[in-house]
Every structure is written in structure tokens, then in C-alpha cells.
Amino acid sequence: MSRREHKTMSAETGKRAAITIDFKAIGPFVALVVLFILGTAINEAFLSSGNLSNIFTRSSFIGIIAVGATFVITAGGIDLSVGSMAAFIAGAMIVVMNGLVQTLGTGIETVLIGIVVSILLGIGAGAVNGLVSTRGKIEAFIVTLGTMGLYRSLVTYMADGGTLSLDFAIRGTYRPVYYGDVFGIPMPVLVFLGVAIAGYVLLNMTPFGRKCFAIGSNEQVALYSAINVDRIKTLTYIIQGLCVSIATIIYVPRLGSASSSTGVLWELEAIAAVIIGGTMLKGGYGRIWGTVVGALMLTTIGNILNLTDAISNYLNGAVQGLIIIVAVFLQRGDWRRKKN
Amino acid sequence: MKKNMKQLLGVTVALGLGLVATSAMAADKIKIGVSIPAATHGWAGGLNWHAQEAEKDLEKAYPDLDFIIVTAKNPTEQANDLEDLVSVQNIDALVILPFESDPLTIPVQQVKEAGKFITVVDRGLSQPGIEDVYVAGNNSALGAQAGEYLKKRLDGKGKIVVLRGLPTTVDDERVEAFNASIKGSDIEVLDMKYANWNRDDGYEVMQDFLSRFPKIDAVWAQDDDIALGVIEAIKQADRTDEMFVIGGGGMKDIIKRVKDGDKLTPIDVLYPPAMIATAMGITALKFETKAAVEGRYILGATTVTPENADKFYFPDSPY
């Protein structure tokens, strides 16, 4: 969907525009429902509460990161560093918490300090990406490609090329953050939901969100409209960093470890979730709920492939790719209009 | 301008002298290049650690040896490294753990043609006769020993799931030997999926196996990183009493569990990253002693049990 088309659509009145927009908005949901039907047809175990809970819980890492990516992409930017940033923050958290065992013990204080460290690092890393790309006037693609390599190397260095493991006693204290639940809903899912709601409010109901749309649509016009473009863009990267740190906070208690293979290609999955959800890669338009559904779809495809042995293992990637393309095609919307 | 030229000339001469000096110094030393994959996953991390430890130990024992370790992220980078080792560093011998067999066969052959001593580790080259020394772990034995243990432990009857690594020859050799060893028994492989030698993938694939199969007697993860993910998934599903997990490699976390008698991980099969140290040691002997070293060395795939785990537990290693 090009930017021009989007504009004409919003300018249009009457039911045709309404129908198109409606279909666009529900497109990802429809695709997800189709996937769920496919999953159930392949294996009854798909709909078991355990499996559904697995899907939602697993989606939450990529999903939370993708909510942040929705802001960056909507404002016309891109952040390739999120995967290695997650690995680096996870590593730093583990090192800090292990180091505090001697002085603070293995109680809740140690975990809280670890969480604070994570948030500070996330905000800091986001600010670096944002400031270097805006003030330094370097393409975000290059800046974040650079920081991607930087964080990946740092975590490898911290771990001596091996794996950083969280102290077992702290694991016990920290464990409920991933494995716990409230009224049967797993903690990561609740956090994901909270982040998504906050993201939705911020993007759709505040001046900040509107400014993101404006900058993504046309940076020059936004600049002439007295929008502090550099500031808003930097803030989107800070939001992205914060989201990465939140995702890391719930990731670390899962396996209690970080290594150089942690979070590999998460950036690609996050960006894919955003685009599948209907946000435009070139910016100007973003949709948080679409992103949430996009993340769920990616996880569901992987899950379905694990639940069957009908497809050769060697072809998993091919099936994944096809499903993503078909899903995005189905929700594009304008293939219907040609018939009118 | 003239002054600048003079300065420039001075700097150039100084640099030239410096170069001559260093190469004269280096000429006294025997240079052994070591080319290995970068520490991008647990096992390779162990490999890097053992290579550095061996460098320290061997250079201390033989002061006239100089090891140069270079790491590569992919086969192309490794081929470039080999060119640099020969033309820039002017090595006398090469110890290499090839990223992949096929793309590195020709580059290693070129090093051989330049008259260097070649030691190949772990992944063999596609053409015979290039290397002087070959040191390897035993992937087939790793698969076979896991299979034998499963047969014995399950009395030749049961349902198991298998988590594979990445689609490569290493993985194929392990799985083929495993399949051969359980052939003829009543052990049923419910399914095999790739977990990419990655902890997170191991966790997720195992979660899906657990929701798919109501009864699983054992898991062959064939790698300790995958095994750690599998263990967390089993714990989360609260099915720890139902099954056990066999990994592979010899990661300290798993060896520790075996040592402590954890029921979930009764054994581990070694595939030691320390094999790089073996290869470096053998290459050093070639230059330092009159020992005959040319040939093939296949390390055993030792089964680690609670009784012998102490010998294989290296708390300082990153792997």
C-alpha cells in the first residue's frame, strides 16, 4: 500500500473507503484465524490450552520488541540492532546480578537491580542509535548495523565466547517473572498485553504519535510544521530500546543464560511482524494491533511446522516464507477493488 | 615542502628498518597458524578458549614456537585468513578446523603447495592426501553411543524424540549412526526436528513435542546447548519423571548435572572442543622432537557417567 494510495483513501468519503479500510484493519486477524484453523486441522493438540499458552508466551519477546519497532518504522526509521541489543542487555544483567550475590544475597533486591540495569541500558542504547542517526546525520540503517555488530561482539566478549549463566539461587527468585501466571495467564503474555496497550495509546491518542505519522509521511513537511523532528525520532529509538529491555527482563529467567547466539535474527522477525501487521516499511502509517497479530502469526507458523511431520524438515523455511507472503497478499486489500 | 619530504623519507626508512627488525626476530621462531571458526555458539566458544590455553601452554614449553590464532565467521573469511597467514605471516605450519569441507579444500591445498605442514581438525577435507595430520572427534561414535545407551536403558522398547542440529555433515553422521544403532529394536522415533544447536530453539521445539506426544520415554538432543533448552521445557511441563535427556559435547553445565546424579541427564557423550589443543600439540611435536606424527588421530567419544564425570569437568572453561 503506497503512501499516496493511503492518502487518497483517507480523503475518500463513503462506503468504498470504509470497506477498504475495514478490510485492511481486520486482514491480519483473518490471516491469523486461517492459520489457527490450519493448525487444528493438522494436529488436534494445536488447540490444547498448553499449546496456545506456549504460542502466546513465545510471541511475547518478538512482540514486545516489535511494538517498539512500530514506532521507529512509523517515523520513517529502522533499527537493526534490537537482536544483539537484547543479547547484550541479557548478558549485562546476568553479570551484574551474579556480581551482587556476594553483597546483596539472592533475594528480590538483586533481581530488581538487574531490572533497573536492563532498563537503563535499553534507554541508553536507544538514545545512542537515535542521537547518532539524527544529530550525526548518518542513515539509521548504517548506525544500527554498526551497533548491531558492536553489541553482538560485546556479549561474546563478556562470555569469553561461551555462555553466561545466571546464578542458580537467583534463578529461583527470578523464575516467576517468566514461568508465573495471574489467573492462568502467563506473566510474559500480561507484560506483552500491557506494552501493546501502552503502545496503542501512545501511537494513536497522543500528539507524539501523530508527529511520528507526520515525520514518516514527509520529514520536510513535518520540519516546516514546527515539529522537532530530531527529538521525536530519537524518542522512537529510545522507546525501541525500552521495549528491548522489557523483552529481555522476561527472557532472562526463561533459560537463565545469554550467549552470542541469543537473539540472532530477532531484528528481522520484529520488522517482519510490524510489516505483516500492516505498518508501512517506508513510514507514515503504523498499527500496533497489527504488529501484535504479526508477531503471533510468525510464532504460530513455526509452531504448526513443529506439530507435523508431513513437511520435510528441509523445507520449513520455504513453507514459512510462502505463508508470510500469502498472508500479506490476502490483507493488502486492493486486489479486491479491481473487480469493482 | 622539502622539509616535509625529508620527514616522510625518514619515517619510511624507520618503518622499513622496523619491518626488517621484526622479520629478523621472527625468523628465529617457528610460526604455526591456527585458523578456527569464531565463537558464535557454545561449542565454538569452547574451541576458542582451548586454542588460547594451548597457545599459552605450548609457547611456554617451547619458547621458539609462535602460534598465530585467527578466527573466521564464514568459509570465505577463513579462505582469506589462509592467504594472509601464508603471505603476510609466512607461517611454517597450519592447524585448521575448516568451517565447511568443500569450500576450504582448494585453499588448504594451496597452503600445502606453498610447502607448509598441514594439520586438519574435526571436519575432513573433500580430497584425500592434502593434510599431514588429521585430528577429529568421532561424530558417528557420538550417535552410536547415545543409541546404545538408550537401547540398554529402555530395554530395547520405548518412544523417543530427537532434536537435530543444523543440516550439515556433522549432524548427518551423528543421526545416521544413531539410527543404525537402534535399528532392529522396538524403539520408536516419534519425530526429529532441527533445533539449530541453539538453546532457545531447543526449548521451543521440545515444548511442541511435549504438547504433541502424551508419552515420551527419552530425548536425544545430541548437543548440550539444545539439551539445556529441552530440560527447561520438560520442567515447565512438569514431566521430569517421565523421561530423560541425552546431550552431547561435554558442556560444563551438563557434566555438572551428570556428576550430581541428576536423573534427567543420566549421561553425556563427549565431543571435546579441546581437540584443537591436541592438534596444536601434535603439530608442535613435529617441529620440536623427532617423533613421527603424520597420520590420523580419532579421539574417542567417551561416555560421561556420574562415576567418571570429575575428569571431564572444567569449571573455568566457557563451554
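Listed in order, the protein sequences are those of chains A and B.
To convert, note that position 257 of the first sequence is 257 in my numbering; the numbers rise steadily by one, no gaps.
The number in my numbering is simply the position in the second sequence, starting from 1, with 1000 added.
Beta carbons: idealized from backbone N, C-alpha and C, even for Gly.
- Restricting attention to B:Glu1053, B:Glu1288 and B:Glu1188, the CA atom closest to the CA of B:Lys1151 is found in B:Glu1188.
- Every alpha helix (DSSP H) stretch that sits fully inside the segment 177-204 of chain A and reaches 4 residues is listed by chain position as 187-204.
- With contacts defined as CB atoms closer than 8 Å, B:Ala1218 and B:Val1230 fail to qualify as a contacting pair.
- Residue contact with chain A for B:Ser1035: absent (no Cβ-Cβ distance below 8 Å to any residue of chain A).
- The contact set of A:Tyr179 on chain B, defined by CB atoms closer than 7 Å, consists of Gln1236 in chain order.
- When secondary structure is reduced to three states using DSSP, B:Ala1309 falls in the helix class.
- Between the C-alpha atoms of A:Ser59 and A:Thr300 there is a straight-line separation of about 9 Å.
- Assigned with DSSP and collapsed to three states, A:Thr74 falls in helix.
- Contact of A:Thr40 with chain B is not assigned, every C-beta pair being separated by 8 Å or more.
- For B:Tyr1297, the uninterrupted beta strand (DSSP E) run begins and ends at Gly1295 to Ile1298, by DSSP.
- Between B:Gly1158 and A:Gly194, the alpha-carbon positions lie close to 44 Å from each other.
- One Cα belongs to B:Ala1233, the other to A:Ala226, and the distance between them is close to 53 Å.
- Not flagged as an interface residue toward chain A: B:Gln1127, since no C-beta distance is shorter than 8 Å.
- Only those residues of the segment 1133-1148 of chain B whose C-beta falls short of 7 Å from the nearest C-beta of chain A would be listed, and there are none.
- Look at B:Asp1191: its C-beta is under 8 Å from a C-beta on chain A.
- Taking the Cα positions, A:Ala159 is about 19 Å away from B:Ile1069.
- Considered as a whole, the segment 1084-1118 of chain B harbours 1101-1113 as its complete alpha helix (DSSP H) runs of no fewer than 4 residues, in chain order.
- Here A:Glu269 has Ile62 and Leu298 as same chain residues with Cβ atoms under 7 Å from its own Cβ, once five neighbours each way along the sequence are excluded.
- In the structure shown, B:Asp1122 adopts coil according to DSSP, grouped into three states.
- Just measuring C-alpha positions, the residue of A:Leu131, A:Asn54, A:Gly149 and A:Lys233 sitting nearest A:Arg254 is A:Asn54.
- Contact with chain A is found for B:Arg1212, since one of that chain's Cβ atoms lies less than 8 Å from the residue's Cβ.
- Taking the beta carbon of A:Gly162 as reference, the chain B residues within 8 Å of it are Ala1039, Gly1042, Gly1045, Gly1046, Trp1049, Ser1317, Pro1318 and Tyr1319, listed in sequence order.
- Between B:Phe1244 and B:Ile1160, the alpha-carbon positions lie close to 10 Å from each other.
- A distance below 8 Å separates the beta carbons of B:Leu1299 and B:Ala1136.
- If you look at B:Met1192, you'll find it in the beta strand (DSSP E) that goes Asp1186 to Tyr1194.
- Exclusion of the five residues before and after A:Ser257 leaves Thr163, Leu164, Ser165 and Leu166 as the residues of its chain whose Cβ lies within less than 7 Å of its Cβ.
- Across the structure, B:Asn1179 and B:Gly1042 are spaced so that their CA atoms are roughly 26 Å apart.
- Around B:Pro1167, the beta-carbon contacts reaching into chain A at under 7 Å are Tyr314.
- At a cut-off of 8 Å between beta carbons, A:Leu298 makes no contact with chain B.
- With a contact defined as Cβ atoms closer than 8 Å, A:Tyr157 and A:Met85 miss out at about 15 Å.
- At a cut-off of 8 Å, the C-beta of B:Tyr1271 has no neighbouring C-beta in chain A.
- Not one beta carbon of chain B lies nearer than 8 Å to the beta carbon of A:Asn98.
- Between B:Met1280 and B:Phe1067 the beta-carbon gap is near 7 Å, inside 8 Å, which marks them as a contact.
- Annotation: the continuous alpha helix (DSSP H) that includes B:Ser1181 extends over Thr1169 to Ile1182.
- By the criterion of a C-beta distance shorter than 6 Å, A:Lys211 is surrounded in its chain by Ile227 and Ile232, once the five residues flanking it on both sides are discounted.
- Under a 10 Å Cβ-count criterion, B:Lys1073 is classified as exposed, with fewer than 16 other Cβ atoms of the shown protein chains found around its own Cβ.
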